[in-house]
Ligand code: AQP
């Protein structure tokens with residue numbers, strides 16, 4: 009059985025990186041798989057506890073999912089905190105995972121900065137909750153941007169250690185499935201999840217600095233294109249995007265050591281759903297003064313309908329809340345099925 013799970017934090021304005029790296033993939037995968045897409049509100053508390061309006065931000069991400077084309081009837085859309093089993097499994101995984109594993113996570117190192125002792129315990133345990141999000145549905149595929157690759161490797165490590173630590177109980181209860189680990193076929197309860205990363209837009213970089221990823225928390229709004237930016241703002245940001253003085257090359261190799269140029273070509277390719285090679289076939293030899301307006305037009309063409317649909321959906325709070333409630337109920341039933349077995353495997357007494 010194959011199942012897709014992924015989540016987005018309600019931590020601020022969604023940007024082009026979130027859209028091309030994650031949400032667009034969510035939309036594509038729903039043709040082939042059963043999908044569960046989650047607004048991970050509990051994760052957002054690891055960055056800060058108090059938000060001006062966490063509820064509205066949660067609705068905004070939900071609206072972005074729906075406006076991008078996710079079907080909440082065929083699939084499941086909900087907010088994480090409604091399904092208590094995420095937090096329950098995360099606690100169990102906190103006891104499976106090792107502190108050393110968490111300390112090695114580059115996202116933790118980046119976000120905690122130098123003053124690690126003062127970072128929240130939740131920030132350190134972030135990947136454990138992420139593993140629980142995925143494995144509480146025993147999801148097999150997780151579409152994410154490249155920045156989440158390490159967390160998905162850790163999710164596999166947690167699944168593997170749980171399967172290993174409890175192999176006897178899993179066999180006794182006959183709740184395992186066969187899976188391939190390297191050359192070996194083993195029996196385990198949790199699947200070893202596959203990341204779905206790739207394509208030209210797996211890692212969109214800041215428009216101001218080609219060495220930093222485009223991020224909601226970058227203090228400069230010029231560094232990112234927000235999903236809700238209007239046509240003028242999108243054009244202005246692309247016009248001001250950092251570039252180098254050379255023309256675009258005809259071949260991919262010509263983009264090496266030109267991170268800003270590579271990024272803009274990747275954005276064009278992601279938006280047009282073509283390869284970077286094809287972008288260079290069309291624009292190789294041209295200056296940025298010609299490429300940037302074409303990129304701006306394409307970005308406006310692709311993003312404006314999503315933004316206007318988001319505004320339309322956001323205006324109907326009752327509808328958005330109903331989607332989250334319905335999704336939460338369906339997700340909760342699936343999650344409880346997993347947790348019943350997990351409690352049995354561990355030996356927690358239940359009805
Ligand atoms: N720059 C990016 N390029 C490609 N994919 C990206 N993602 C994020 N940034 C890029 C992917 O978007 C999904 C949702 O991300 P998230 O909101 O859950 O967390 P994040 O990675 O912390 O997002 P930000 O915008 O970068 O926030 P801050 O500034 O708080 O760090 C994920 O699949 C992610 O890979």
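Numbering (full-length UniProt numbering), first residue to last: 9 to 359.
Cβ atoms here follow ideal geometry from the backbone N, Cα and C, with glycine treated the same way.
Would you say residue i and residue j are within 9 angstroms of each other, going by their C-beta atoms?
i, j, result
"residue 267", "residue 213", "yes"
"residue 246", "residue 298", "no"
"residue 271", "residue 215", "yes"
"residue 22", "residue 234", "yes"
"residue 171", "residue 196", "yes"
"residue 26", "residue 153", "yes"
"residue 295", "residue 260", "no"
"residue 139", "residue 101", "yes"
"residue 244", "residue 231", "no"
"residue 158", "residue 134", "no"
"residue 328", "residue 106", "no"
"residue 238", "residue 312", "yes"
"residue 211", "residue 155", "yes"
"residue 347", "residue 58", "no"
"residue 76", "residue 314", "yes"
"residue 72", "residue 318", "yes"
"residue 262", "residue 28", "no"
To the nearest angstrom, how far is the alpha carbon of residue i from that of residue j?
i, j, result
"residue 209", "residue 89", "30 angstroms"
"residue 55", "residue 19", "8 angstroms"
"residue 44", "residue 253", "45 angstroms"
"residue 74", "residue 345", "27 angstroms"
"residue 113", "residue 94", "21 angstroms"
"residue 280", "residue 302", "11 angstroms"
"residue 342", "residue 35", "21 angstroms"
"residue 258", "residue 127", "46 angstroms"
"residue 87", "residue 203", "21 angstroms"
"residue 40", "residue 84", "14 angstroms"
"residue 330", "residue 81", "11 angstroms"
"residue 168", "residue 187", "11 angstroms"
"residue 31", "residue 337", "22 angstroms"
"residue 141", "residue 349", "16 angstroms"
"residue 65", "residue 325", "12 angstroms"
"residue 276", "residue 99", "42 angstroms"
"residue 300", "residue 49", "36 angstroms"
"residue 183", "residue 334", "28 angstroms"
"residue 340", "residue 351", "16 angstroms"
Between the Cα of residue i and those of the options, spot the shortest distance and give me the residue it belongs to.
i, options, result
"residue 227", "188, 236 and 217", "217"
"residue 108", "145, 93 and 136", "136"
"residue 42", "336, 79 and 29", "79"
"residue 111", "162, 98 and 62", "162"
"residue 97", "276, 310 and 166", "166"
"residue 332", "69, 10 and 51", "69"
"residue 10", "351, 198, 179 and 359", "198"
"residue 225", "119, 358, 351 and 60", "119"
"residue 160", "124, 251 and 205", "205"
Could you round the C-beta distance between residue i and residue j to whole angstroms and report it? I think they count as a contact, below 8 angstroms.
i, j, result
"residue 13", "residue 185", "Rounded, the Cβ-Cβ distance is 17 angstroms, inconsistent with contact."
"residue 164", "residue 201", "6 angstroms"
"residue 104", "residue 173", "7 angstroms"
"residue 284", "residue 274", "6 angstroms"
"residue 47", "residue 91", "That pair is no contact at about 11 angstroms."
"residue 53", "residue 130", "6 angstroms"
"residue 132", "residue 353", "At roughly 26 angstroms, the Cβ-Cβ gap does not stay under 8 angstroms, so residue 132 and residue 353 are not in contact."
Check the DSSP bridge columns for residue i and list the partner residues they point to.
i, result
"residue 221", "213"
"residue 196", "185"
"residue 202", "149"
"residue 13", "44"
"residue 85", "45"
"residue 23", "234"
Could you check if residue i belongs to the surroundings of the ligand HEM, using beta carbon to heavy atom distance under 8 angstroms?
i, result
"residue 44", "Among the ligands in the structure shown, the ligand HEM does not appear; only the ligand AQP can be found there."
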